[in-house]
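Final position of the sequence shown in numbering that gives the first Met the number 0 is 624; the numbers increase by one with none missing.
Structure, as C-alpha cells:
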Amino acid sequence: MSKEIIVLGGTGESGRRIIQLLSTRHPELKICCGARRAPKAGVLPKHIEHVPFDITDKGNSVKTLARFDLAVIALGPMDKFAMIAHQLCLEANIDAIDINDSLHAADQVFTLHKQAQSQQRLLLTGMGFSPGISTLLLTELAHQKASPQGHYQCRLYMGAAYGGGETSPQAILASFTNQLACWRDGARQQIDTPWQDDQHQFDFPALQKPVDLIPFATPEVAGLSSEYVAEDLDIKHLDSRYHIQHLTLGFAKFMSKYRLGERKNEFFSNMFFNNGQKLKTKKDSDPDTCLWVYPDNDPRAGLILHGVVSSYELTAKMACVAVESWLNNVFAANYGVKAVEHLPYGTRQIMLQTLAQYGVTARSADEQNIHQADQEFGWVDSVSSDPSSLRNLGLNWYTVTKQHPKMAKRQQEYLYKSEIWHALKEATNTFSFTKFVISTLFAWSRDGKRLQHWRDKHQGEYHDVWKSITKDMSMFTSGYGNARTLLGKEKAYQLYRAMFLETGKMEMRWLWPNPESFTIFDDKEEAILQYWLTWLRNYAKLGLFTLAESQEGPQKVKITISDCAYAAMFKELDCPELANMVREMEQEALTFLANRSNLDITFNIKEEGEAEILLVKANKLRAVS
0 MSKEIIVLGG TGESGRRIIQ LLSTRHPELK ICCGARRAPK AGVLPKHIEH VPFDITDKGN
60 SVKTLARFDL AVIALGPMDK FAMIAHQLCL EANIDAIDIN DSLHAADQVF TLHKQAQSQQ
120 RLLLTGMGFS PGISTLLLTE LAHQKASPQG HYQCRLYMGA AYGGGETSPQ AILASFTNQL
180 ACWRDGARQQ IDTPWQDDQH QFDFPALQKP VDLIPFATPE VAGLSSEYVA EDLDIKHLDS
240 RYHIQHLTLG FAKFMSKYRL GERKNEFFSN MFFNNGQKLK TKKDSDPDTC LWVYPDNDPR
300 AGLILHGVVS SYELTAKMAC VAVESWLNNV FAANYGVKAV EHLPYGTRQI MLQTLAQYGV
360 TARSADEQNI HQADQEFGWV DSVSSDPSSL RNLGLNWYTV TKQHPKMAKR QQEYLYKSEI
420 WHALKEATNT FSFTKFVIST LFAWSRDGKR LQHWRDKHQG EYHDVWKSIT KDMSMFTSGY
480 GNARTLLGKE KAYQLYRAMF LETGKMEMRW LWPNPESFTI FDDKEEAILQ YWLTWLRNYA
540 KLGLFTLAES QEGPQKVKIT ISDCAYAAMF KELDCPELAN MVREMEQEAL TFLANRSNLD
600 ITFNIKEEGE AEILLVKANK LRAVS
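See the structure below:
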C-alpha cells in the first residue's frame, strides 16, 4: 500500500522544496501541502493537492492529519509553534519529521518522548541543515573519536543571494541573546554569550578575510542532554556559530540587549525579510553555503561541505533523506522523540549515503578539498531529479544572466599569481611594464576592430552576444601577442595556455553543475549526456561552430565539431597556435563532469578547433575516487 504524506508549511521556503524534491524523486507517493492559504500558481507542482490546515484549529487539524501516514513539519517560526504540531500528530496517531532549528522548541518536543514511545510512534526532530546535516557530520567525527576530549566546533556560512523566507528572520532574532544555553563538560550550561572571544572570527573558503561569528544555542544541546544518546558518541563540548553575509556581529550584539515584545518582534522580522529580499539582488550577494565541523579547534581535522546551494535547499534535502529512510523502514521499532544524535551508527550511515544520493556530501578538510571549495565553488548544488533544476541548463558564458559574484575577483587574483604574469614582470622594469600594458590596450582596440565583420555577420538575435565574443577574442590575442613578442613564442604559449586553461576550468566549475549533482538521477549517464548536448546545441546556435550528432547504437553517441569560429578568429588575429585551447578547456570540463559516472569519453581534438567526441555508456561499474 502506498504511503501518504502531508508537508505542514508546504508553501514556505523549505516546505515547497521538500515537496518538489519528494514528488520528483518519488512520483508514486501521494504528497499533500498543508497550509492555511492555497499556494500561488507555480509555487508547487500542479498535481500536489493543497489541504487547508490551521494549526490553531485542533479538531480539524487532527482529522486532517489522521488521513496520512506521516507529517513533515516545516512550519515556522518553530519558536512560536514548538511542539503543537507534534502533539496533533500523536493525537492523530501518525509519525512526524520536523526541521526544527530552535532549542526552545526542541526542549518542548523532547517532553513528548514517553508519550510517543507508549503509542509506538516516531517523532524525528532536527532534520534540517543545522541541526541535521551538521549533526551527521558531528556524530561522524565523534564516532571516529576525532577529539580525545570530546570537544567539537560547528561553523556555518550563508550567502545573501537567496533572501530568506518570511519566518527565517524570527529564528535569527531569537538567536541574539546575552545568555546562551550550551553544551560544556558533558552537561547543559548557561553562559554569557561569547561575542568576542578567541573564536569570534573564522576563515571560510572563498572569502577574502576572516568573518565575525554569531554564537547560537543549537538544538543539539537538548538532544545531548537526554539519556538515550547513541552509545558510540562521547561529545563533551559543542560550540556552534554562524555568519550570514551582510549581518554584522555588532548588530546582533546590540539587539541581544533587548527583549522584544510580539509587536516589535514582528516589526523587526518584517524589516529583516524586506532587507533580505533587497540584498539578494546586490551584485556581491553570495550564493555559497558552507558547513564546517571539526574537533579541538583544528579545522583541518574536520569535515567540510561547500557549494552554490542555499541552506533552505540543504534543509529540504535532509528532510527528504529522513522521509526516505522512514519509507524504507530504517527506523523500524525506533519509537519516541529522536534526533540524529540518538540514532545508532548504522542508521546514521544509511542517512549519509542517502544524502549523497541527493548530491550532498561532506569531505575531509584537506588542502585539495579546501582548494576546490575556495577556487572551484565547492561540490554541492541546488538540484532535484528534474533536469530543469540543473544549474545553467542550456546556457553558456554568453547567454547566462548572472555570473558568480566572486568570479571576476578570483580570475584577477589568479592572473596576478600566474607564471606568465611573473615572467612578464621579471622581463620588464616599471617603465617597460607600463609600456607593455598600454601597448596591450591599444592592441585590444585594434584587434576588436579587425573582428568587426564577425559582428556585422550576426546582426539579429545574437548581435550583443557577438559583441562579447569578439571582445573576448581580441582581449586574448592582444595580451598573448604582446607576451609572445616579449617572451618568445614557445615560452609565451606554454605559460599563456596554462593560465587560460586554469581560469577556464574555474569558469566551467561554476557554469556546469558538479558531478555529484547527477547522482540524484536514476540514469546519471543519460542525464550528463543530455545536459552536455543541450549546452552544445545552444552554443552551436550562436554560430561558434557546426555541430553534428549521430547515435551509434543504444549506448553510444558521436559528436563532431567543425567550422570553429574561435579558431578562425585566432588565426585572423595572427595567433593560430591558440586555436585549440577552447576545445581543451571543454574537454577537461566534460571529463570532470562525468568523473563520477560510467560514461566513457574519447575526446579527439583536431586542427583548427575541430573535434570528434565519442561518449559510451559503460556497462561495468568503475571505482570512483
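From the three backbone atoms N, C-alpha and C, an ideal C-beta is built for every residue, glycine too.
Item, Value
"Alpha carbon to alpha carbon, how far is I349 from T134?", "14 Å"
"Using 8 Å as the Cβ pair cut-off and three pairs as the minimum, do the region 301-312 and the region 97-106 touch?", "no"
"Could you check if F441 is buried or exposed, using at least 16 other CB atoms within 10 Å of its CB as the buried criterion?", "exposed"
"When you compare only the Cα positions, how much space is there between K434 and K424?", "12 Å"
"Contact defined as beta carbons within less than 8 Å: I believe S268 pairs with Q169. What is the distance between those atoms, to the nearest angstrom?", "5 Å"
"Which class does S309 belong to by DSSP, given the choice of helix, strand or coil?", "coil"
"Give me, in chain order, the residues of the same chain whose beta-carbon lies closer than 7 Å to that of L389; leave out the 5 immediate sequence neighbours on both sides.", "V382, P512, S516 and Y530"
"To the nearest angstrom, report how far apart F215 and L351 are at their CA atoms.", "25 Å"
"Cβ atoms of L223 and R240: under 8 Å apart, would you say?", "no"
"Given this structure, state the Cα-to-Cα distance separating L450 from D573, to the nearest angstrom.", "12 Å"
"Do you know offhand how far A361's Cα is from M568's?", "43 Å"
"Comparing alpha-carbon positions, which option in K405, D56 and S1 lies nearest L28?", "S1"
"Write down every uninterrupted run of the beta strand (DSSP E) in the region 76-128 whose length is 3 residues or greater and which is fully enclosed by it, in chain order.", "94-97 and 121-123"
"Which residues in the same chain as I18 place their Cβ atom closer than 7 Å to its Cβ, once the five residues preceding and following it in sequence are excluded?", "V6, G9, I30, C32, L43 and I47"
"Are there 16 or more other CB atoms within 10 angstroms of the CB of Q371, so buried, or fewer, so exposed?", "buried"
"Under a three-way DSSP split, which group does V6 fall into?", "strand"
"For chain B, check one thing: does any of its Cβ atoms lie closer than 8 Å to the Cβ of A300?", "Within the model displayed, chain B is absent; a lone protein chain is all it includes."
"Work out the CA separation of F544 and I604 for me, nearest whole Å.", "14 Å"
"What does the alpha-carbon distance come out to for the pair W626 and L414?", "Outside the shown range of the chain, which is 0 to 624, sits residue 626, and nothing can be said about it."
"If I'm right that M406 touches E506 with Cβ under 8 Å, what's the distance once you round it to whole angstroms?", "7 Å"
"Roughly how far, in whole angstroms, is the beta-carbon of Y397 from the beta-carbon of S467, given that I think they are within contact range, below 8 Å?", "5 Å"
"Near I625, what residues of its chain come up, given a Cβ to Cβ distance below 8 Å and the 5 sequence neighbours on each side ignored?", "Any answer about residue 625 is impossible in this case: the structure gives the chain only from 0 up to 624."
"Helix, strand or coil for V399 per DSSP?", "coil"
"Quick one: what's got a C-beta closer than 8 Å to Q86's C-beta in the same chain, skipping five residues either side?", "L111"
"Taking all protein chains shown into account, decide if I154 is buried (16 or more other Cβ within 10 angstroms of its Cβ) or exposed.", "Inspection of the sequence shows that residue 154 is occupied by Arg rather than by Ile. The residue is buried, with at least 16 neighbouring Cβ atoms inside 10 Å."
"Going along the chain, which unbroken runs of the alpha helix (DSSP H) with 4 or more residues stay wholly within the region 443-522?", "451-456, 462-486 and 488-510"
"With a CB to CB cut of under 6 Å and the five nearest residues on each side skipped, what residues in its chain are close to F475?", "none"
"Nearest CA to the CA of L354: which residue from R183, V320 and E3?", "V320"
"Using the C-alpha atoms, what's the distance from F80 back to Q116?", "22 Å"
"If you draw a straight line from the C-alpha of V329 to the C-alpha of T346, how long is it?", "7 Å"
"Leaving out five residues before and five after Y479 in sequence, what residues of the same chain have Cβ atoms less than 7 Å from its Cβ?", "A491, Y495, C574 and L577"
"Are the CB atoms of V615 and Q554 within a distance shorter than 8 Å?", "yes"
"So what does DSSP say about K29, is it helix, strand or coil?", "strand"
"Just how far apart, CA to CA, sit I519 and G358?", "6 Å"
"Taking only the alpha-carbon atoms, compute the straight-line gap between K62 and W509 and give it to the nearest angstrom.", "48 Å"
"Return the chain-ordered list of same chain residues with a C-beta closer than 7 Å to the C-beta of R621, the five sequence neighbours on each side being excluded.", "The predicted model places R621 with a pLDDT of 41, which falls under 50 and marks its position as unreliable, so this point remains unresolved."
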